[in-house]
Amino acid sequence: MNKKNKYINPYLGGFLLGLLIIAALYFSGEGLGSSGGYRDVAVAATDFVAPEYAHENTYIGPRLESGESPLKTWLVFELLGVVFGAVLSAALFNRLKFSIGKAPHISNNKRLWLALIGGALWGIGTQLGRGCTSGLVLSGMAVNSLSGYIGLIGIFGFGFIFAFIFKSIWIKTKN
Amino acid sequence: MGPLYPQEIINSEFNILIGFFIGIGFGWLLEASGFTNTRKLAGVFYGYDATVIKVFFTAAMTSAIGLFIIHHLGWIDIELTFYPKTFWIPTLVGGAIMGLGFIVGGFCPGTSLCAASTGKIDGIVFIIGVFLGIFGFIFTYDLVFESLRKSGNMGRTDIAQWLGIKDGIFIFIMVIVTLVSFYVFQKWQNSHTKNMNESDLNDLGLDKPE
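These protein sequence lines are chains W and L, in that order. Per the working numbering, the first sequence starts with residue -9, numbered consecutively. Per the working numbering, the second sequence starts with residue 5, numbered consecutively.
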């Protein structure tokens, strides 16, 4: 943690991200999303392990009706692209190495348990709320959908409340 | 006129290829903005790092304004594009669960994928958690989530129409809100960074205020 991390100008990054959302809508009629692709992978995995169960499941059964692979979706290929793009950028900026991100006062073990629990909450929240920060909120705000703004209030509004309650995860409190 | 794929102007293979390339741009921008760094993401909630607010709202406003313009120029038919239907109850409840997940886990699904891809072990573990959550949701859907997920259905609702104002007015108000939030969050960030030690500043890629 000696070398200074170099990140791009946030306004430039945001502007380019905005153009990307417009491009996704213009070419494909799709919003940028993440959790939808995760769901598609989970659907495919369930179908692979227990096809009968998957087809009968009320939530994912309808996604398997067409007979097409649930992995051959725009969102799954977009996520493959995300992996490539992130690796390219990290390689260029010399950030490609194994590490654990966390506040300095938190142990590695605790950080990884919290990441697991936090991830699981996202897994449930995205399926219940119909999307995540990118697909529900950002792309939703791009098209002025009420849903996007409700997601914004949910994630960031409640986020600030939970941030206050769980402050010790991120901020070292003075004793 | 756009959107191209929904009107079969491009075929499905080409469409998926476009998805891949748009994903590359998406992953690149998330990584280059520092969103694989969980401390930067959490920083927005504690005020010490305003990057998330800057990137997120600039992107939202750029795309909202851009779409508003190209829609009025007749270059895209918004009726044919992605448009999330509003189910306000599950989205609010799900959003709160995600907000808790953000504070506890320090990522969201998109940023964790970038983090995991570039060697962040916390990102890899977070993704395992996301899949555990999704499988849990799938397996208990009938029992627990089905009626809640289908509740509060408002269909395709435009927020400006819902508020009874024109789209352009709503976007204009949001631009003002965005600019004010940039100012406030920058001040908040400065109040932290001026007392921050070198190692934290380097980790977050931030400078002391001038």
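All C-beta atoms, glycine included, are put in the ideal place defined by N, C-alpha and C. Remember, it's a predicted structure, so these values are computed and weren't measured experimentally.
Thinking residue i and residue j are a contact (beta carbons under 8 Å), I'd like their distance in whole angstroms, please.
{"i": "L/G51", "j": "W/F146", "result": "The pair is not a contact, with the Cβ atoms about 13 Å apart (cut-off 8 Å)."}
{"i": "W/W23", "j": "W/G121", "result": "Per the sequence shown, residue 23 of chain W should be read as Gly rather than Trp. At roughly 6 Å, the Cβ-Cβ gap stays under 8 Å, so W/G23 and W/G121 are in contact."}
{"i": "W/A76", "j": "L/E35", "result": "4 Å"}
{"i": "L/L210", "j": "L/T197", "result": "5 Å"}
Please name the residue or residues paired with residue i in a DSSP beta bridge.
{"i": "L/D162", "result": "W/S135"}
{"i": "L/I80", "result": "L/G6"}
{"i": "W/K89", "result": "Going by the sequence as given, residue 89 of chain W is Ser instead of Lys. DSSP output for W/S89 lists L/K124 as bridge partner(s)."}
In chain L, which residues lie with their C-beta within 7 Å of the C-beta of residue i?
{"i": "W/R167", "result": "The question about residue 167 of chain W has no answer here: the residues shown for chain W are numbered -9 through 165."}
{"i": "W/T123", "result": "C112, G114"}
So with CB distances below 9 Å, who are the chain L contacts of residue i?
{"i": "W/K162", "result": "In chain order: nothing, as chain L lies at least about 11 Å away."}
List, in order along the chain, the chain W residues whose C-beta lies closer than 7 Å to that of residue i?
{"i": "L/I132", "result": "L106, G109"}
{"i": "L/S67", "result": "G8, I11, I12, A132"}
{"i": "L/P88", "result": "R120, G121, L126, G130, S135, S137, G138"}
{"i": "L/L71", "result": "I12, L15, A132, V133"}
Name the chain W residues that come within less than 8 Å of residue i, Cβ to Cβ?
{"i": "L/E150", "result": "T48, Y49"}
{"i": "L/Y50", "result": "A153, K157, W160, I161"}
{"i": "L/L183", "result": "Under the 8 Å cutoff, chain W gives no residues; its nearest Cβ is about 11 Å from L/L183."}
Taking Cβ positions only, does residue i come closer than 7 Å to chain B?
{"i": "L/I180", "result": "The structure shown contains no chain B; the protein chains it does contain are W and L."}
Find the residues of chain W that neighbour residue i, judging by a C-beta separation of less than 9 Å, and give them in chain order.
{"i": "L/Y145", "result": "N47, T48, Y49, I50, Q117"}
{"i": "L/P213", "result": "Residues of chain W passing the Cβ test: none, with the nearest at roughly 15 Å."}
{"i": "L/V188", "result": "Near L/V188 there are no residues of chain W at all, since even the closest Cβ is about 13 Å away, more than 9 Å."}
{"i": "L/L84", "result": "G19"}
Problem set entry | Unbroken stretches of the beta strand (DSSP E), 3 residues or longer, contained in the region 89 to 159 of chain L | Fully enclosed beta strand (DSSP E) runs of 3 or longer: 157 to 159.
For this session: Could you pull out every unbroken beta strand (DSSP E) segment of at least 3 residues lying fully inside the region 24 to 67 of chain L, listed in chain order?
Result: none
Problem set entry | Residues within the region 25 to 42 of chain W neighbouring chain L, beta-carbon criterion of under 7 Å | S25, Y28, R29, A32, T36
Exercise. Using a Cβ cut-off of 8 Å, which residues of the region 28 to 41 of chain L contact any Cβ in chain W, in chain order?
Worked result: I28, G29, F30, G31, W32, L33, L34, E35, A36, S37, G38, T40, N41
Exercise. Given a limit of 7 Å on CB to CB distance, which residues of the region 92 to 112 of chain W reach chain L?
Worked result: Residues of the region 92 to 112 of chain W whose Cβ lies closer than 7 Å to any Cβ of chain L, in chain order: K92, A93, R101, L102, L104, A105, L106, I107, G108, G109, A110, L111, W112.
Exercise. According to a CB-to-CB cut-off of less than 7 Å, which residues of the region 192 to 207 of chain L neighbour chain W?
Worked result: S203, N206, D207
Problem set entry | Contacting positions in the region 16 to 28 of chain L - beta carbon closer than 7 Å to chain W | N19, I20, I22, G23, F24, F25, I26, G27, I28
For this session: Determine which residues of the region 48 to 74 of chain W have a Cβ less than 9 Å from any Cβ of chain L, and write them out in chain order.
Result: Per Cβ criterion, the list reads T48, Y49, I50, K62, T63, W64, L65, V66, F67, E68, L69, L70, G71, V72, V73, F74.
Exercise. Mind listing which residues of the region 163 to 177 of chain L have their C-beta closer than 7 Å to chain W's C-betas, in chain order?
Worked result: I163, A164, W166, D171, F174
For this session: Please specify which runs of the alpha helix (DSSP H), each continuous and at least 4 residues long, are wholly inside the region 58 to 136 of chain W, giving them in chain order.
Result: 64 to 82, 98 to 119, 129 to 132
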